[in-house]
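For the record, in the sequence shown the residue sitting at position 131 is 139 according to the numbering used here, with numbers rising by one throughout. Glycine is no exception: its CB is placed at the ideal position from the N, C-alpha and C atoms.
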Amino acid sequence: CSSDLIGLRPNFAAAYLGLGICFMDEKRFDDAKETFDKALAVDRNSIQAQFYQGICYHYLASPTQSLASFRRVVESNPNHPLSHHGLLNMAVEYRALGQDAECDSVLNRAEKEFKKAPHVGWAMEGLAGVSAVRGVHEESLAWLNEAVANGFRSALQLRFDPALASLEGDPEFQQILNGISAPRHSE
9 CSSDLIGLRP NFAAAYLGLG ICFMDEKRFD DAKETFDKAL AVDRNSIQAQ FYQGICYHYL
69 ASPTQSLASF RRVVESNPNH PLSHHGLLNM AVEYRALGQD AECDSVLNRA EKEFKKAPHV
129 GWAMEGLAGV SAVRGVHEES LAWLNEAVAN GFRSALQLRF DPALASLEGD PEFQQILNGI
189 SAPRHSE
């Protein structure tokens, strides 16, 4: 357990990341955010801790703080895959703040990054997010199916991606999520 590892190695940022993700999985976003804050205290350059902190702020209904977290992700390493998702989530927060022009601008930038990204599965998941934010749910679901067909397997990303929140109640989205969450058996 990550909390045991933190007790043994309190300066190990990855342990805080693991524990924070456990809290997210339980939808304990206050605890998760606090844990990601501790990870950042140990490693202020942790792009993962900054990214997950932004997601926590999103679910804690703090779009300004979420936007700031995602902006730091994008600025810290523009070529990192999480930076592309950070752009996408910045668009979500701009929309929540009623700043539609900024939302559209950042969304277009995110779309360009995903289209040139070499990691096919996660890039397709990102394009699904772009479509979902634009309200084109059928296209979003098609991108998600394509992402899974090309190796995307992060149930955590699908469950907590702010860009995909509008798909949460869709039966096809749930089927995709359940499909990648199910254990795979070798034949």
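Report yes if the CB atom of Phe-160 is closer than 8 Å to the CB atom of Glu-133, and no otherwise. yes
In three-state terms, what does DSSP make of Ser-54? coil
Have a look at Val-156 and Gly-129 and give me their C-alpha separation to the nearest angstrom. 7 Å
Give the single residue among Gln-58, Ile-63 and Ala-125 whose Cα lies nearest to the Cα of Asn-87. The candidate whose alpha carbon is nearest that of Asn-87 is Ala-125.
On the criterion of 16 or more Cβ atoms from any shown chain inside 10 Å, does Ala-140 qualify as buried, or is it exposed? buried
Touching or not, the stretch 79 to 96 and the stretch 111 to 122, by the rule of three or more beta carbon pairs under 8 Å? yes
For a test of the three-state rule: what should DSSP assign to Gly-26, helix, strand or coil? helix
Among Leu-68, Gly-62, Ala-40 and Ala-69, which one has its Cα closest to the Cα of Arg-79? Gly-62
Using 8 Å as the threshold, is the C-beta distance between Val-138 and Leu-164 below it? no
Quick one, which of Leu-175, Pro-170 and Tyr-102 has its alpha-carbon nearest Val-144's? Leu-175
Return the CA-CA distance between Glu-180 and Cys-30, expressed in angstroms with no decimal places. 26 Å
I'd like the span of the alpha helix (DSSP H) that includes Leu-166, first residue to last. 163 to 168
Quick check: the Cα distance between Gly-28 and Arg-52, rounded to an integer number of angstroms? 16 Å
Among Val-81, Met-98 and Ala-131, nearest to Leu-48 - alpha-carbon criterion: Val-81
Nearest-angstrom Cβ-Cβ length linking Met-32 and Tyr-60, presumed shorter than 8 Å: 7 Å
Starting from Ser-189, trace the alpha helix (DSSP H) both ways and give me its first and last residue. Run containing Ser-189: 179 to 189, per the alpha helix (DSSP H) assignment.
Any idea if Ala-40 is buried or exposed, counting beta-carbon neighbours within 10 angstroms, 16 or more meaning buried? With 16 or more other Cβ atoms within 10 Å, it is buried.
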